[in-house]
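Presented below is the structure to which this report refers.
There are 2 protein chains.
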Amino acid sequence: MIRPVDIKRVKIDDRFWSRETELVRKEVIPYQWDILNDRVPDAAPSFCMHNFKAAGNLNRKMRTLGRDYEAPKYTYRGFAVFPERREEAKDDEFYGFLFQDSDFSKWIEAVGYSLAAYPDPVLEETADKAIDIVCDAQLPNGYLDTYYIINGMDKSFSDLRDHHELYCMGHLIEGAVSYYQATGKDKLLNAARRFADYVAGIFGTEEGRINGYPGHEIAEMALFRLYEVTGEERYRNLAEYFIDQRGQEPLYFEKEHPDMKGKPDYYHQAHMPVRKQREAVGHAVRAVYLYSGMADMARITGDTELLTACEALWDSIADTKLYITGGIGGTHIGEAFSFPYDLPNDTAYSETCASIGLIFFARRMLQIKPDRKYSDIMELALYNCVLSGMALDGKSFFYVNPLEVLPEACAKDERKEHVKPVRQKWFGCACCPPNIARLLTSVGSYAYTESEDTLFTHLYMSSKITKSVSGRDVGIRVESGIPVNGEVSVFVEGAADTGFVLALRIPGWTSGKYEIKGAEGLETSVRDGYLYISGFDSDREIRLMFDISPRVVVSDPRVNEDNLRAAVMRGPFVYCAEEADNGKGLRSIRLKRPFEIRQSVTDEFGIDAVRLDISAVRVSATGGEAFASRLYKTFDRMSESETDLKLIPYFLWSNRGEGEMSVFFGY
Amino acid sequence: MIRPVDIKRVKIDDRFWSRETELVRKEVIPYQWDILNDRVPDAAPSFCMHNFKAAGNLNRKMRTLGRDYEAPKYTYRGFAVFPERREEAKDDEFYGFLFQDSDFSKWIEAVGYSLAAYPDPVLEETADKAIDIVCDAQLPNGYLDTYYIINGMDKSFSDLRDHHELYCMGHLIEGAVSYYQATGKDKLLNAARRFADYVAGIFGTEEGRINGYPGHEIAEMALFRLYEVTGEERYRNLAEYFIDQRGQEPLYFEKEHPDMKGKPDYYHQAHMPVRKQREAVGHAVRAVYLYSGMADMARITGDTELLTACEALWDSIADTKLYITGGIGGTHIGEAFSFPYDLPNDTAYSETCASIGLIFFARRMLQIKPDRKYSDIMELALYNCVLSGMALDGKSFFYVNPLEVLPEACAKDERKEHVKPVRQKWFGCACCPPNIARLLTSVGSYAYTESEDTLFTHLYMSSKITKSVSGRDVGIRVESGIPVNGEVSVFVEGAADTGFVLALRIPGWTSGKYEIKGAEGLETSVRDGYLYISGFDSDREIRLMFDISPRVVVSDPRVNEDNLRAAVMRGPFVYCAEEADNGKGLRSIRLKRPFEIRQSVTDEFGIDAVRLDISAVRVSATGGEAFASRLYKTFDRMSESETDLKLIPYFLWSNRGEGEMSVFFGY
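Taken in order, these protein sequences are the chains called A and R.
Heads up: the first sequence begins at 1 in my numbering, then just goes up one per residue.
Heads up: the second sequence begins at 668 in my numbering, then just goes up one per residue.
Rendered as structure tokens:
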């Protein structure tokens, strides 16, 4: 059984990654807490903690009256309700999106991971108090979604498709488990369990039960996690029920929403039973959250039919629906996967959260089978689309991560309304920033997984891990030069005669070009992109030198608009050109062949980064006469002026104001 | 004063154009009549004649009862109402779009032009009977829009922005004038006049009048036409009122629709007074219809301020918002102009009707000032975007004329839902087919305009024109080799000593390369792209040999996605590549430099057409290793296979089934 390494046993001390996690700890988590409490004057109000308090008050009133909670009669007020002015908010009303509770859960999840790495009593006290408020809102029967507690329980679970109660439950579980694992405190965990127990009691295919499933998936993987932490079969059963019931005839969402009858519900991945699904479709975040749950189930149950579906869905994404940046979601319509190979650069959706979900899915597939095909993409998504989601100062965020931006079009073309040329402070629907926070604070559990005797290294970052093998602690220390260079040292201590196996990913971006030193006399073999080293007889320093030289990358010709265009990568980083370095008109620049790329290390972004300069020509067709319109000229001759196209890592884009940006270039 | 030549004095006998007009006469007009009467089982029902009959019955009933018409109380039933099944339609109800009346008007307009060229007693009888039905529907006060006559007159003219009464009036006038000019019959003309009289009586800035204007322009140019035919000042005054009132504060449409308050109404060109407008914005058809009316007014009144606006709006289109095909409307959102230089090829709207409207605008600008800048674009739009709108058999139509098509994307990508890879039979909202019909049947009035002594030749087609100069008839006969070759002969008879001036457009696409023979001894001069020939002393044959050799054309670099790409033209024709000739993957084909183009005449489309073959390479980057995803490969070497890219005139595309198509190619 392969599992993520307990993040308490991973100590990351890496120039690159520690900066990111520190940013989350010092900037994002405190800022987000202020947001949850509506203390940021110029950001969209959240009302998240307000809602928990309002529900708690309602609860308390009932208890004081000495009778069971009697909810008001439910009235629908809209998918998101905000008061005209902050001060007009009523104490006993629900505000915000109807899934606003989940903002707390994502925050507490990130807090848990952060506390696991960096104990912080002040933060822990804040969190404990927040947990008290949240738990106060829970109904005696275990139900805990403030939207219905406040607005009327008579309609709870009456709109599974659009009202996110099961989604909120899923996030609550994830947050509660994280906090429990970090602190050992189980108050929130127990609240989450009671909510899950309540749900387990009313959902199912049996007569009289609700035979539906989540409109926005996440509960599936959360319940498997809860099962793995508590050992309680009922959570696993509930998760399995959700997964297997999804898409079964008669379709539950069609019963809820008869107007959608007969239209395949790709958006919610409810168009057919999940075991039969082979193509990744619909809302990209929902999809990869579902697939993550399916992968958990395949691993836990050993169900090969489900595994086949997971593998097919993975390949569908990896081979036909993945941006070079690790982004997914080719269309903003439904924030969804488009058809295979439809990966437009300028109208991409490529939501930060979707890449995060893809990383969830990848880690779970790696738990089933350590194969570079999963970790290569996990790394790609992390270093590019996910990191791009947050500004260098941790204070603004991208939801959408386009591969080409013309600021004027974002401002003036409604078709690109979703594409922002600069990161936004905080959104009313704040999914991405807290998702970045919970991923980055737990990045160690993506870098490493372990089985009984093996430590799998999927991502390279300077860190220390303690792994127990045959009752002995093996110490592994990694020193990684990535992203500046490709040199990685792994120090293994205390492994002699333990049967310890070190599995090191050989990144796909090396094209198999790497050197290894220090493994002399050990048993080594390469399988599915991992170098397995065993037979440790003494402490060792194993040195890997990966070829991280820059390379030009082209897309499958079926990616229509990337034809005759190429991108540049170096190691896991995709590069882009910005107007700040190259002026306007990036589309008129053509890379020169044979390609000549020069590298230089820079600290101008406040981090060690490698800039690339690639020889190019700026093309303009001139000299010919215009006819009819000044827009069109008969081609006469072409003026080509030599230039160095200056490239920076994609994740650093838009940290110097608004301007053109592009990943692909003509060649 | 320059005016279009009376089409009764133009006899077109041209291999290319006669086929088009015959198609309209033999296919489109009869088919459309069947549509108007809902006799085409597999096409969307029109209910156009049904509505006129229903209104007529209502009228008759009132007259029988011996009292004034009492309308039912108005109830809004939707922008378009269709019965579930054709046979469930009630005799006394209105169906279809609320501007359905205009379908008759466009049809009768085309019928008029067609009768002017080809007398056809059977068609004329059909038309007379239709006119009887239409006139029967008119209220005693002159009002004639069946939507309100049937649904309730209490709300007539209460929603000028969205309900198309004034639009229907405009089309009715255009149709009535055409029919009157062709046949001399004035029954419909009188009905149109009475409707216009009624409108003139209730619209205006005076107290108690409606101080609004059309939500969909056309009445403006129609009323000027009615004025020029009847000499009645009140029609001209009404048109001038509509034009000058548009966009005046307080904005009329904001009064009607307070929810739009404060949002600039670009869509209806009502964001500011028209004299101040400088950028073409909003719904493209509406825009060019308005500008056409403005040009009429500038010409008739000599108003230089208005002329300045017209010139600026023309330049805004010509120099920043025009597709190389003469299409306009860069975005389907609002079927509208996008921002300057935003001319996406694959998501283009480029509606056939908008190009037709652009031709209206161009002809009117030519009446003010004969300048090739107008006629070059008129020709471009006609030969490409407009002709593309109709299939070779005249039985199916494009509304949207994209410059690049990937059929799979049209089917699967909602962002390209408006783009169809094959022409459609008939639409419920059938604007384009009848618009093509009325343009093609009157093409002579775009080919030629005249002043007292001058005949202006804007388009070249074999035809005979009789022009009266100094009381004598001058005969002009044109023999045109276009589109097959660039040879044009103009025979002038009876011009000696009349003072006759022949103005021949030297097309911009010649880049000034042409030869002239037969003008020896005559006075010639070139002004604004026209060759003026005068001093005729005898009958003459003047021969022009225009350089029609194919050429490669590039876009202004500000047209973002055309950078590093080029198109091919020959004479006025834009060329495209189709999958039928070149297989899939048009995006991976790169034109070779220096460009080598071979021409060949073909009759495979049933017409004389010139095919072009251009040397190209099909590029695939191969050999490199895929990493992470099969989608992306490290560039190793490029495989270039030589190919001849086979091109056909753009207007011929999609006559051989569904497939990829592209106008621009990498080079």
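Using N, Cα and C, we set each Cβ at its ideal position, and we do this for glycine too.
Alpha-carbon to alpha-carbon, residue j and residue i
| i | j | result |
| --- | --- | --- |
| A/Lys416 | R/Arg1297 | 28 Å |
| A/Gly330 | R/Ala1029 | 40 Å |
| A/Phe16 | A/Phe665 | 28 Å |
| R/Cys977 | R/Cys1020 | 20 Å |
| R/Leu827 | R/Arg913 | 12 Å |
| R/Tyr919 | R/Gly837 | 20 Å |
| R/Leu1279 | R/Val1330 | 13 Å |
| A/Ala503 | A/Asp393 | 35 Å |
| A/Leu223 | R/Arg752 | 51 Å |
| A/Glu232 | A/Asp303 | 20 Å |
| R/Ser1042 | R/Asn1012 | 24 Å |
| A/Tyr632 | A/Pro507 | 47 Å |
| R/His938 | R/Gly763 | 30 Å |
| R/Val1086 | A/Asp603 | 48 Å |
| A/Leu36 | A/Ala137 | 16 Å |
| R/Ser1216 | R/Glu1182 | 14 Å |
Whole-Å CB distance - residue i paired with residue j, under 8 Å assumed
| i | j | result |
| --- | --- | --- |
| R/Glu1325 | R/Val952 | Not really, about 27 Å apart at Cβ, beyond 8 Å. |
| A/Asp14 | A/Ser388 | The pair is not a contact, with the Cβ atoms about 19 Å apart (cut-off 8 Å). |
| R/Glu1208 | R/Phe1158 | 5 Å |
| R/Glu691 | R/Tyr1115 | Glu is not the amino acid found at residue 691 of chain R; the sequence shown has Val there. Actually they are not in contact, since the Cβ atoms of R/Val691 and R/Tyr1115 sit about 19 Å apart, beyond 8 Å. |
| A/Val400 | A/Tyr349 | 6 Å |
| A/Phe99 | A/Cys48 | Not confirmed; about 10 Å, so no contact. |
| A/Ile589 | A/Ala616 | 5 Å |
Residue i beta carbon near the ligand ZN (any heavy atom closer than 7 Å)
| i | result |
| --- | --- |
| R/Val955 | By its list of ligands, the structure shown contains no ligand whatsoever, and the ligand ZN lies outside what it can speak to. |
Closer than 9 Å at the beta carbon, the chain R residues around residue i
| i | result |
| --- | --- |
| A/Ile614 | Those do not exist, as A/Ile614 stays about 12 Å from chain R at its closest Cβ, beyond 9 Å. |
| A/Arg630 | Asp982, Ala985, Asp986, Thr987, Asp1223 |
Proximal residues of chain R, C-beta to C-beta of residue i below 8 Å
| i | result |
| --- | --- |
| A/Arg598 | Correct list: empty, because the minimum Cβ distance to chain R is about 17 Å. |
| A/Val617 | Neighbours of A/Val617 on chain R: none; closest Cβ ~10 Å, over 8 Å. |
| A/Lys412 | Ser1005, Phe1006, Asp1009 |
| A/Ser620 | Pro1224 |
Where residue i falls: helix, strand or coil (DSSP)
| i | result |
| --- | --- |
| A/Leu189 | helix |
| A/Tyr113 | helix |
| R/Met1032 | helix |
| R/Gly994 | coil |
| A/Gly357 | helix |
| A/Pro507 | coil |
| R/Pro1011 | coil |
| R/Lys1180 | coil |
| R/Thr850 | helix |
| A/Met710 | Outside the modelled stretch of chain A, which goes from 1 to 667, sits residue 710 of chain A, for which no answer is possible. |
| R/Ser1321 | coil |
Under 8 Å from the C-beta of residue i: neighbouring residues of chain A
| i | result |
| --- | --- |
| R/Ser1255 | Pro557, Asn563, Leu564 |
| R/Asn1249 | Going along chain A, no residue has its Cβ under 8 Å from R/Asn1249, so there is no contact; the nearest lies around 14 Å. |
| R/Leu1073 | Asn560 |
Within chain A, the residues that residue i reaches when beta carbons sit closer than 9 Å
| i | result |
| --- | --- |
| R/Trp1176 | Phe627, Ala628, Thr634 |
| R/Asn1068 | Within chain A, no residue comes near R/Asn1068; the closest Cβ sits about 16 Å away, beyond 9 Å. |
7 Å Cβ cut-off: residues of chain A touching residue i
| i | result |
| --- | --- |
| R/Ser1205 | The premise fails here: R/Ser1205 is roughly 35 Å from chain A at the closest Cβ pair, so nothing lies under 7 Å. |
Tell me the start and end of each unbroken beta strand (DSSP E) in the stretch 515-576 of chain A that is at least 3 residues and wholly inside, in chain order.
523-527, 530-534, 540-546, 551-555, 565-570
Counting only runs that start and end within the stretch 416-503 of chain A, where is the alpha helix (DSSP H) found for 4 or more residues in a row?
Taken in chain order, the unbroken stretches of alpha helix (DSSP H) that lie wholly in the stretch 416-503 of chain A and span 4 residues or more are 432-440, 444-447.
Extract the residue ranges of the alpha helix (DSSP H) inside the stretch 691-771 of chain R, only unbroken runs of 4 or more that lie entirely within it.
Along the length of the stretch 691-771 of chain R, whole alpha helix (DSSP H) runs at least 4 residues long occupy 696-703, 715-731, reported in chain order.
If we require 3 or more residues per run, which beta strand (DSSP E) segments fall completely within the stretch 919-989 of chain R?
none
Fully enclosed by the stretch 364-397 of chain A, which alpha helix (DSSP H) runs are 4 residues long or longer?
372-380
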